[in-house]
Amino acid sequence: MINLSTFKDINTVEVKEFKPKPTTLTKGQKEAAVQLWASDDGLTKIGVWECTPGEFTADRTSAGEYCHIISGSASVKNIDGSNIRNLGPGDLLVLPIGWKGHWTIHEHVRKLYILQASI
891 MINLSTFKDI NTVEVKEFKP KPTTLTKGQK EAAVQLWASD DGLTKIGVWE CTPGEFTADR
951 TSAGEYCHII SGSASVKNID GSNIRNLGPG DLLVLPIGWK GHWTIHEHVR KLYILQASI
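Residue numbers for the sequence shown follow this note's numbering, beginning at 891 and rising by one.
The structure is reproduced here in structure tokens:
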């Protein structure tokens, strides 16, 4: 039997310890996350992520990402600087498999993420 899963009050789920953001372009930027669920095949992962202000690169070559912004503000743009999107609480961002770009965190961000890897 396949069971369903529920997660209450995503706004207050505790993330793990903040650590330096590996792809940051801003000294001192940190991130933290907690994975809430993963599919048996490992292709789909759901969790909560937080990041402090700064800029970083992102590469979605191997997995697309769906981001629901819970709090904070950020801007996201393509690697060539085009298609800038400003994000805030309640916004949903879709980063398809193959997308590459930059995030700028203006105000500490908390998001719900869904990563979907290709087969």
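The beta-carbon is built from N, C-alpha and C at its ideal position, and this holds for glycine as well.
Determine which residues share a DSSP beta bridge with Asn901 and list them. Locating residue 901 in the sequence shown gives position 11, counting from the first residue. Partner(s): none; Asn901 has no beta bridge.
Determine whether the Cβ of Lys917 lies closer than 8 Å to any Cβ atom of chain D. Of the protein chains in the structure, only one exists, and it is not chain D.
Short of 6 Å in beta carbon distance, which residues of its chain neighbour Ile969, apart from the five on each side in sequence? Order them along the chain. Walking along the sequence shown from the start, residue 969 turns up at place 79. Excluding residues within five positions, the ones whose Cβ falls inside 6 Å are Lys990 and Gly991.
Taking a contact to mean a Cβ-Cβ separation below 8 Å, would you say Val1001 touches Ile959 in this structure? The count along the sequence shown starts at 1 and reaches residue 1001 at position 111. The count along the sequence shown starts at 1 and reaches residue 959 at position 69. At residue 1001 the sequence reads Lys, which differs from the Val that was named. Against a cut-off of 8 Å, the Cβ pair of Ile959 and Lys1001 comes out as a contact.
Determine the closest residue to Lys920 out of Ile1009, Gly932, Ala953 and Ile995, with distance taken between C-alpha atoms. Residue numbering aside, residue 920 sits at position 30 when the sequence shown is read from its first letter. Here the closest residue by C-alpha is Ile995.
Candidates Glu997, Leu915, Leu926 and Pro912, of which the one nearest Thr896 by Cα: For the purposes of this step, residue 896 is identified with residue 6 of the sequence shown, where counting begins at 1. Nearest option by C-alpha distance: Leu926.
Residues bridged to Phe946 [DSSP beta-bridge criterion]: Translated into positions along the sequence shown, residue 946 becomes position 56. Phe946 is bridged to Thr914 and Trp993.
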